[in-house]
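**Student:** Taking this note's numbering, the leading residue of the sequence shown gets 118, the next gets one more, and so forth.
The C-beta atom is built at its ideal place from N, Cα and C for all residues, glycine as well.
One structure, as structure tokens, below. Some questions next.
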Amino acid sequence: MADWALITGASRGIGRATAERFQQEGWRVMNVSRNPCTVPGVVNIEVDLAVPGWEAKLAPALRDGPGVGQGRLCVVHNAAAYEHDDALTMDADHLRRVLEVNIVAPLVLNRVVRPLLTEGSSLLYVGSTLAEKAVKGAASYVTTKHALVGMMRATCQDLAGTRIHTACVCPGFTNTEMLRAHLGSDAAALAMVEGKTTFGRLIAPEEIADVLFTCATTPVLNGALLHANQGQVET
Ligand SMILES: NC(=O)c1ccc[n+]([C@@H]2O[C@H](COP(=O)([O-])OP(=O)(O)OC[C@H]3O[C@@H](n4cnc5c(N)ncnc54)[C@H](OP(=O)(O)O)[C@@H]3O)[C@@H](O)[C@H]2O)c1
Numbered sequence: 118m119a120d121w122a123l124i125t126g127a128s129r130g131i132g133r134a135t136a137e138r139f140q141q142e143g144w145r146v147m148n149v150s151r152n153p154c155t156v157p158g159v160v161n162i163e164v165d166l167a168v169p170g171w172e173a174k175l176a177p178a179l180r181d182g183p184g185v186g187q188g189r190l191c192v193v194h195n196a197a198a199y200e201h202d203d204a205l206t207m208d209a210d211h212l213r214r215v216l217e218v219n220i221v222a223p224l225v226l227n228r229v230v231r232p233l234l235t236e237g238s239s240l241l242y243v244g245s246t247l248a249e250k251a252v253k254g255a256a257s258y259v260t261t262k263h264a265l266v267g268m269m270r271a272t273c274q275d276l277a278g279t280r281i282h283t284a285c286v287c288p289g290f291t292n293t294e295m296l297r298a299h300l301g302s303d304a305a306a307l308a309m310v311e312g313k314t315t316f317g318r319l320i321a322p323e324e325i326a327d328v329l330f331t332c333a334t335t336p337v338l339n340g341a342l343l344h345a346n347q348g349q350v351e352t
């Protein structure tokens, strides 16, 4: 009986490392993103989560995936848009696009997979350090990451009695394209970020994948908000 991980945004970064981790543990993996996940054996559903209706393309893969809905299913809500914007000047259409990827897509996916969630299954959310604090110039990201924590807590309550669990893992500065795009090619910005962690280095995507796998296989973490950021130096 196959266990499946359904990961959004596994074409690169934390999602890709998570796909590899689950596969190493013998799980089958399905990726949902615009570009494919190149980890051999991963089933790819290539959709843009910003475009409503994407879930229609997922239904056949869930129906035809061998054993989907028989073993455990772990959904990792990982894909996210991180835009530079401002709480006082943000355009409404811009905000709606970010909400579509970061908030609406996880809720739609939860509804699609609900009939397939057997006992021991899990719905995991990838938050951020910015799920509990803010920095300048990231209003839509900060807002949606805070909302994701609320969604995880609501998920926990609405799944009570089902033995399906949920958690939100909040990575710190992780060495991925998202962070590199955010920092640009500025060596000083990288040094500043590294200096903000108590270990003085970026987190490897595989370290976050380890935490996500632990959450998937540890039901006592139900409703948990986990900061996986090495401890950040506050100034
Ligand atoms: N890296 C960090 O320092 C850090 C810190 C805190 C939290 N996080 C969180 O960790 C998660 C993964 O981030 P990452 O650093 O691994 O980012 P990444 O390397 O930029 O990867 C983002 C993934 O999301 C997918 N994605 C983005 N927009 C999408 C869309 N419209 N439709 C479908 N897929 C979409 C991308 O796939 P396609 O482009 O192929 O569609 C990609 O696979 C995110 O939730 C992020 O907020 C990261």
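Restricting to Cα atoms, I'd like to know which of Val252, Ser150 and Ala173 is closest to glycine 126.
**Tutor:** Your numbering for residue 126 matches position 9 in the sequence shown. Residue Ser150 is the option with its Cα nearest to glycine 126.
**Student:** Mapping the DSSP letters down to three states, classify glutamine 347 as helix, strand or coil.
**Tutor:** Here residue 347 is taken as the residue at index 230 of the sequence shown, counted from 1. Three-state result, glutamine 347: coil.
**Student:** Once you ignore the five residues that flank histidine 201 on each side, which residues in its own chain have a CB closer than 6 Å to its CB?
**Tutor:** As a position in the sequence shown, residue 201 is number 84, starting the count at 1. The residues are Gly254.
**Student:** Under 6 Å Cβ to Cβ from tyrosine 242, same chain only, skipping five residues before and after it: list those, please.
**Tutor:** For the purposes of this step, residue 242 is taken as the residue at position 125 of the sequence shown. A distance below 6 Å between beta-carbons, with the five flanking residues on each side excluded, links tyrosine 242 to the following residues of its chain, in chain order: His194, Leu265, Met269 and Cys285.
**Student:** Look at the Cβ atom of leucine 216, then the Cβ atom of asparagine 227, and state whether they are nearer than 8 Å.
**Tutor:** Position 99 of the sequence shown, counted from the start, is the residue given in the question as residue 216. Position 110 of the sequence shown, counted from the start, is the residue given in the question as residue 227. Taking 8 Å as the cut-off, the beta carbon of leucine 216 is found no closer than this to the beta carbon of asparagine 227.
**Student:** Residues in its own chain within less than 7 Å of lysine 174 by CB, not counting five upstream and five downstream?
**Tutor:** Position 57 of the sequence shown holds residue 174. The beta carbon of lysine 174 sits closer than 7 Å to those of Ile162 and Val164, all from its chain and outside the five residues before and after it, given in chain order.
**Student:** Using the beta-carbon count (16 or more within 10 Å), is threonine 279 buried or exposed?
**Tutor:** Along the sequence shown, read from residue 1 onward, the residue named residue 279 stands at position 162. Flag for threonine 279 reads exposed.
**Student:** Using the Cα positions of methionine 147 and valine 159, report the straight-line distance between them to the nearest angstrom.
**Tutor:** Taking the sequence shown and counting its residues from 1, one reaches residue 147 at position 30. Taking the sequence shown and counting its residues from 1, one reaches residue 159 at position 42. Distance between the alpha carbons of methionine 147 and valine 159: 6 Å.
**Student:** Ordered along the chain, which non-local residues of its own chain (more than five positions away) have a Cβ less than 6 Å from that of histidine 344?
**Tutor:** Here the question's residue 344 lines up with position 227 in the sequence shown. In the same chain as histidine 344, and ignoring 5 residues on each side of it, the C-beta atoms closer than 6 Å to its own belong to Cys287, in chain order.
**Student:** On a CA-only basis, which of Ser245, Val230 and Arg145 is nearest valine 296? Give me that one, please.
**Tutor:** As a first step, residue 296 must be located in the sequence shown, where it is residue number 179. The sequence given here has leucine at residue 296, not valine. Here the closest residue by C-alpha is Ser245.
**Student:** Which stretch, first to last residue, makes up the alpha helix (DSSP H) that contains isoleucine 325?
**Tutor:** Here residue 325 corresponds to residue number 208 of the sequence shown, with the count starting at 1. 322 to 333 is the span of the alpha helix (DSSP H), which, as asked, contains isoleucine 325.
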